[in-house]
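Inspection log for the structure reproduced underneath, given as structure tokens.
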Amino acid sequence: MTMNLRPRAGGGLAFLAAGLALLPFGPRIAFDAADRPGGGTKSVAELAAEIKADHKTAIDAVKAIAEDALGKAKAGETLSASVKEKADEALLKMNGLSEQFADLEQKMARAGGRGGPDGGEKSLGERFTDDERVKALLASDGKRGRVDVGVKATITSAVTDTAGAVGNAVNQTRLPGILGLPQRRLTIRDLITPGRMDGNTLEYVKQTGFTNAAATVAEGASKPQSDLKVALVSTTAKVIAHHMKASRQIMDDVPQLQSFIDGQLRYGLAFREEAQILNGDGNGQNLLGIVPQATAYAAAFSPASATPIDTLRLAMLQAALAEFPATGHVLNPIDWTKIELTKDAGGNYIIGVPQGSIGPTLWGLPVVTTQSMAANKFLTGAFSLGAQLFDRWLARVEIATENEDDFVKNLVTILCEERLALAVYRPEAFIYGSVA
């Protein structure tokens with residue numbers, strides 16, 4: 003923007019400069035210098051000092067008139083009309099200067115807040131009066147001419163109330179949806195035969211012994227008697243559950259949030275379930291897992307230069323000798339990686355090839371890796387025959403506002419739970435031990 007301003011004679015330039023110093027924006031100015039005795043310009047502070055001095059003079063004049071009037075009143079003299087007029091005139095002048103001085107002080111304070119002498123960005127008037135071309139024009143003899151002063155602000159991403167700050171106009175890039183945390187692949191449930199139950203208690207009869215007396219018998223001789231021993235095993239369904247709270251407003255305002263919470267709750271449930279299936283100690287509300295009931299690894303013989311690969315093959319033999327041929331291995335990912343990286347004397351990989359896409363297998367059995375299995379440990383067994391998982395409640399998510407606190411606070415409770423029981427029919431079907 004360009005402004006062509008011609009100040010009035012008689013000190014108008016100083017008044018114009020003072021006014022420009024208070025402008026909050028930065029236009030482009032062009033004007034003719036005014037005729038001012040002595041040349042130069044006055045700053046806002048100088049103008050304030052002049053007004054202050056004039057104000058003090060006016061106060062002194064009012065005091066002098068007042069003292070003179072009081073003296074005459076004590077002497078019994080009557081005040082003339084001219085004395086009253088002088089007093090009124092002095093009071094009016096004093097009041098006017100007081101208002102000017104107060105107004106100028108406020109403007110100086112506002113200007114100081116934006117910059118200038120107190121530091122920070124200079125005001126428009128300060129930029130104008132500090133310009134060398136303006137100073138040269140005012141110092142010239144004629145004091146007439148034209149000066150273009152361009153006031154420019156650097157455009158930045160700031161969001162403060164300063165010249166050139168355009169940060170609030172910057173658009174933000176927001177990707178859709180919610181990026182969740184990584185989730186573990188859960189596979190142990192898939193190894194075990196699934197089942198359903200109707201009540202809280204699961205009971206089954208398990209054979210615990212068998213004496214086989216079968217033999218050849220001569221004609222007319224007594225037949226031998228065999229013996230069978232069974233036991234009743236009872237277990238109860240356990241609840242695995244957790245919940246989250248959310249406001250009604252956020253559930254309405256972020257439509258994908260409910261499905262995201264559902265997924266997180268279901269994953270958390272399955273994560274805890276896998277740990278319980280493998281390692282639950284059976285105390286309190288814990289399942290009695292497979293590992294605590296499994297048979298300890300005991301090799302039928304010790305091969306020369308045994309390796310972890312040999313250990314797993316001997317575990318398969320132990321299960322087979324118990325009449326429960328193994329159907330899979332469960333290992334920690336670290337231990338399986340060590341096995342995969344095993345090389346022969348020539349530097350060739352023994353287990354598959356790096357480019358292969360075949361699923362992990364060892365000795366013809368699938369290998370399941372999970373961090374729920376402790377490092378340096380393994381579980382080999384007949385998973386489909388030796389154990390079964392019974393669901394009383396399938397995993398489900400429910401939303402409610404039943405309690406008073408939720409209702410009055412516009413909150414919802416999102417509950418995810420399941421109820422299940424684990425039966426390990428034959429502990430000898432599972433072999434547990436150290437990989438090394």
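If you're matching positions, the sequence shown starts at 3 in this note's numbering and goes up one per residue. C-beta: ideal position from N, C-alpha, C; glycine also.
Secondary structure remark: continuous beta strand (DSSP E) runs of at least 3 residues inside the region 202-252, in chain order: 203-213, 229-238, 240-249. When DSSP states are grouped into helix, strand and coil, Gly-388 belongs to the helix group. If you compare the alpha carbons of Thr-403, Gly-388, Thr-382 with that of Ile-433, the shortest gap goes to Thr-382. The alpha carbon of Asp-200 has as its nearest neighbour, out of Arg-394, Asn-173, Val-161, Met-318, the alpha carbon of Arg-394. Its Cα nearest to that of Arg-268, the residue Ala-243 stands out among Ala-243, Ala-321, Asp-283. Ala-141 carries a helical assignment under DSSP once its states are collapsed to helix, strand and coil. When the Cα atoms are used, Phe-212 and Leu-234 turn out to be separated by approximately 16 Å.
As summarised for the region 296-339, the continuous alpha helix (DSSP H) elements at least 4 residues long and confined to that stretch are 310-323, given in chain order. In this structure Ala-248 touches Ile-416 by the C-beta definition: roughly 7 Å separates them, less than 8 Å. Contact check for Leu-367 against Thr-329 passes: the beta carbons are separated by less than 8 Å. For Ala-216, the closest of Ser-159, Arg-428, Lys-225 by C-alpha to C-alpha distance is Lys-225. A residue is called buried once 16 or more other Cβ atoms fall within 10 Å of its Cβ, and Leu-49 is buried on that count. At least 8 Å separates the beta-carbon of Leu-396 from that of Phe-326. Under DSSP, Pro-257 forms no beta bridge with any residue.
When DSSP states are grouped into helix, strand and coil, Ser-359 belongs to the coil group.
By the Cβ-count criterion, Ile-352 is exposed, with fewer than 16 other Cβ atoms from all chains shown falling within 10 Å of its own Cβ. Going by C-alpha positions, Gly-361 is about 52 Å away from Lys-411. Around the C-beta of Ser-359, fewer than 16 other C-beta atoms lie within 10 Å, and the residue is accordingly described as exposed.
Beta-bridge partners assigned by DSSP to Lys-54: none are found. Under the DSSP assignment, Glu-406 falls in the alpha helix (DSSP H) whose first and last residues are 406-410. In the structure shown, the three-state DSSP call for Pro-368 is strand. Under the DSSP assignment, Leu-343 falls outside any beta strand (DSSP E); it carries neither an H nor an E label.
Looking at Ile-311, Glu-419, Ala-322, the one whose alpha-carbon comes closest to that of Thr-363 is Ile-311. In this structure Lys-345 is exposed. Its beta-carbon is surrounded by fewer than 16 other beta-carbon atoms within 10 angstroms. The Cβ-Cβ distance between Leu-280 and Ala-302 does not fall below 8 Å. Following the DSSP letters along the chain, one finds Ile-190 inside the alpha helix (DSSP H) bounded by residues 190-193. Going by C-alpha positions, Phe-380 is about 9 Å away from Asp-337.
By the neighbour-count criterion, in which 16 or more other beta carbons inside 10 Å mark a residue as buried, Tyr-299 falls on the buried side. Shown here, Ser-436 sits in a strand according to DSSP, grouped into three states. Under a 10 Å Cβ-count criterion, Phe-262 is classified as exposed, with fewer than 16 other Cβ atoms of the shown protein chains found around its own Cβ. In this chain, the beta strand (DSSP E) harbouring Val-426 covers 413-426. Looking at the DSSP output, Pro-196 shares a beta bridge with Leu-391.
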